[in-house]
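For reference, the structure is listed below as structure tokens.
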Amino acid sequence: MPPIVLTSLAQGGENVDVGKAIESVTDVTFDWPINFFEFEFAALSYVQPEKNRYAYMLEGLEDDWIYIGTRRFGRYTNLPSGTYTLRMKGSNNDGVWNEDGISVTITVVPPFWGTWWFRAIAVLMLAGTAVGGYRMRVRNIEARSRELENQVEERTVELSRANELLKQEIAERKRAEEALAQQAAEAAVAAERSRLARDLHDAVTQTLFSASLIAEALPNIWESDQSEGRQLLAEMRRLTRGALAEMRTLLLELRPAALVDVSLGDLLHQLAEAVVGHKDVSVTVTAEGQYDFPSDVHVALYRIAQEALNNVVKHAHATQVAISLRCFPSASGEEVVELCISDDGCGFDPSGVPPDHLGLGIIHERAQAIGATSTIESQPGQGTQVVVVWKG
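To convert, count from 1 in the sequence shown and add 51; that's this note's numbering.
Now the structure itself:
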């Protein structure tokens, strides 16, 4: 095993004066703020010395050896105050290590404010300041407390009076709010009744009136032309079925909670029959897959279909309408529900129509409310398609 010797100890490139031969140094003291040093050491093996290997560590700062290959020097900077042991070891060209190596005790003297006596003085001064400040604070608090007691007594009387006035004001405001809420509820009921009355008149009453006119004329027409009579019977059947579907829809409007008790496919069939009752149009409804989604999604998809079909009745002039409800799992395993309403009507240019026109805004808002996507595709003369996709 090769002997290990310290060959240099320096600070900032200048050798440290240790008062003896550097190879015999066993301890060194550094005064703050000179808390850094460089060192060199060597393994005294002269057979291919370029293959000698070296390692060092500073106990008290490091737990592991630092292996530096054939390099023979190291450096430490910004050492905290304390006592360390610089250990150095090396090997010969055959890789045989001198594990004992050599060691030098390094002491870094702390600054005066880091010494125990300075800290003790500082603690005593802080304690004295704290005690004096505490006593002064207590006297001020006692004087302030007496002053506050007088103010509290005065304010208590004022607050008692204000509290009584506040209670009276709250009671009056509560009565006023209850009256306003009652008025708002009555107004909402009246508005809903008016809307249902309009829907009943516009949809059911007119349909039944048309059916009654056909019923009155049917006997005479049947005697003269049974073929035309059969056509009128079919028309009267269409009108009455549409009126019945419209009545069912209005009953659901009276009990919105009942919407979730009926499957979405059945609700779409009811809407389709109502459309047929209004217009001489062919409506097909297809529902594929099993679906079980939240009640708010159920109601929103029904309302979207209702709004889209209202647009068909009022504006489309269509002869064919298709309603499709598809439920299927996505590639990632999510439940997907796709609602599609398409017609062969006159269509329109979406870029030329305001977003809130033709109920388009309502459709988009209802879709966004449940986290669904909605697209409306249409061209003049090419019909319209509304597609809503919800992912569970």
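For every residue, glycine included, the Cβ atom is placed at its ideal position computed from N, Cα and C.
Would you say Y118 and M139 are within 8 Å of each other, going by their C-beta atoms? Walking along the sequence shown from the start, residue 118 turns up at place 67. Walking along the sequence shown from the start, residue 139 turns up at place 88. It is not a contact, given that the beta carbons lie outside the stated cut-off.
Whole beta strand (DSSP E) runs in the segment 368-397 with 3 or more residues, listed along the chain? 371-380, 386-394
Rounded C-alpha distance that separates G410 from L259: Locating residue 410 in the sequence shown gives position 359, where the first residue counts as 1. Locating residue 259 in the sequence shown gives position 208, where the first residue counts as 1. When rounded, the distance between both Cα atoms is 27 Å.
Does the segment 324-340 come into contact with the segment 365-381, if we say contact requires no fewer than three beta-carbon pairs (one atom in each stretch) closer than 8 Å? yes
What are the start and end residues of the alpha helix (DSSP H) that includes S346? Taking the first residue of the sequence shown as position 1, residue 346 is located at position 295. It spans 346-362 - the alpha helix (DSSP H) in which S346 sits, taken as one unbroken run.
Is DSSP giving D78 helix, strand or coil here? The sequence position of residue 78 within the sequence shown is 27, counting from 1. D78: strand per DSSP, three-state reduction.
For S132, the nearest candidate out of G165, R122, Y105 (CA to CA): As a first step, residue 132 is located in the sequence shown; it is residue number 81 there, counting from the start. Taking the Cα of S132 as reference, the smallest distance to any Cα among G165, R122, Y105 is reached at G165.
Considering I414, what are the terminal residues of the beta strand (DSSP E) in which it resides? Position 363 of the sequence shown, counted from the start, is the residue given in the question as residue 414. From DSSP, I414 is part of no beta strand (DSSP E) but of the alpha helix (DSSP H) over 411-420.
So, V79 versus V69, is the Cβ gap smaller than 8 Å? What you label residue 79 is simply residue 28 of the sequence shown in a count that begins at 1. What you label residue 69 is simply residue 18 of the sequence shown in a count that begins at 1. Going by C-beta atoms, V79 is nearer than 8 Å to V69.
Whole angstroms is fine: what's the gap from D35's alpha carbon to Q62's? What the structure shows of the chain is the stretch from 52 to 443, and residue 35 is not part of that stretch, so it cannot be assessed.
Beta-carbon contacts of I421 that lie in its chain and below 7 Å, excluding the five residues immediately before and after: Within the sequence shown, numbered from 1, the residue matching residue 421 stands at position 370. So the list reads D347, V348, A351, W441, once near-sequence residues are dropped.
What is the residue span of the beta strand (DSSP E) that V133 lies within? Numbered from 1 along the sequence shown, position 82 holds the residue referred to as residue 133. As written in the sequence, residue 133 is Gly, which differs from the Val given in the question. Note, G133: beta strand (DSSP E), 133-142.
Step through the CB atoms of chain B and report whether any lies within less than 8 Å of the CB of A262. In the structure shown, chain B cannot be found, because there is only a single protein chain.
Using 10 angstroms around the beta-carbon of D331, count the other beta-carbons present and answer buried if the total reaches 16, otherwise exposed. As a first step, residue 331 is located in the sequence shown; it is residue number 280 there, counting from the start. When all chains shown are included, D331 counts as exposed.
Spatially closest choice to T291 from G328, Q277, A194, by CA coordinates: The residue labelled residue 291 in the question sits at position 240 within the sequence shown. The shortest Cα separation from T291 among G328, Q277, A194 belongs to G328.
Quick check: the segment 391-401 against the segment 422-440, are there 3 or more CB pairs under 8 Å? yes
Cβ-based burial, Q321 [other Cβ within 10 Å; buried from 16]: The residue you call residue 321 lines up with position 270 of the sequence shown. Buried, by the Cβ-count rule.
State buried or exposed for L137, treating a residue as buried only when at least 16 other CB atoms are found within 10 Å of its CB. Residue 137 sits at position 86 when you count from the first residue of the sequence shown. Buried, because 16 or more other Cβ atoms sit within 10 Å of the Cβ of L137.
Between the CA atoms of V437 and Q341 - distance to the nearest angstrom: Your numbering for residue 341 matches position 290 in the sequence shown. Your numbering for residue 437 matches position 386 in the sequence shown. Distance between the alpha carbons of Q341 and V437: 22 Å.
Where does I85 fall in DSSP's three states? Mapped onto the sequence shown, residue 85 falls at position 34. Three-state DSSP puts I85 in coil, outside helix and strand.
Cβ shell of S261 (< 8 Å), same chain only, five flanking positions each side left out: Numbered from its first residue, the sequence shown carries residue 261 at position 210. Closer than 8 Å at Cβ, skipping near neighbours: L290.
Taking A359 as the reference, give the member of F92, E91, L264, I413 with the closest Cα. By 1-based counting over the sequence shown, the position of residue 359 is 308. It is I413 whose Cα lies nearest to the Cα of A359.
Assign S196 to buried or exposed, taking buried as 16 or more other Cβ atoms, counted over all protein chains shown, within 10 Å of its Cβ. The count along the sequence shown starts at 1 and reaches residue 196 at position 145. By the C-beta density criterion, S196 is exposed, having fewer than 16 other C-beta atoms within 10 angstroms.
In the DSSP assignment, find the unbroken beta strand (DSSP E) run with Q436 in it and report its ends. As a first step, residue 436 is located in the sequence shown; it is residue number 385 there, counting from the start. First-last of the beta strand (DSSP E) with Q436: 435-442.
Sequence-distant residues of its chain with Cβ nearer than 8 Å to A266 (five each side left out): As a first step, residue 266 is located in the sequence shown; it is residue number 215 there, counting from the start. Closer than 8 Å at the Cβ level, and outside the excluded window around A266, lie M287.
On the premise that W83 lies in contact with V155, defined as a C-beta separation below 8 Å, what is that separation, rounded to the nearest angstrom? Along the sequence shown, one-based indexing puts residue 155 at 104. Along the sequence shown, one-based indexing puts residue 83 at 32. With a Cβ gap of about 19 Å, V155 and W83 do not count as contacting.
Could you pull out every residue in the same chain whose Cβ sits closer than 7 Å to the Cβ of Y127, ignoring the five residues on either side in sequence? Mapped onto the sequence shown, residue 127 falls at position 76. Listed in chain order, the non-local C-beta contacts of Y127 below 7 Å within the same chain comprise F87, F88, L109, local neighbours out to five positions each way being set aside.
Residues near E385 in its chain [Cβ-Cβ closer than 8 Å; skip 5 each side]: By 1-based counting over the sequence shown, the position of residue 385 is 334. Closer than 8 Å at the Cβ level, and outside the excluded window around E385, lie K442, G443.
Quick one: grab the DSSP three-state call for A285. By 1-based counting over the sequence shown, the position of residue 285 is 234. Three-state result, A285: helix.
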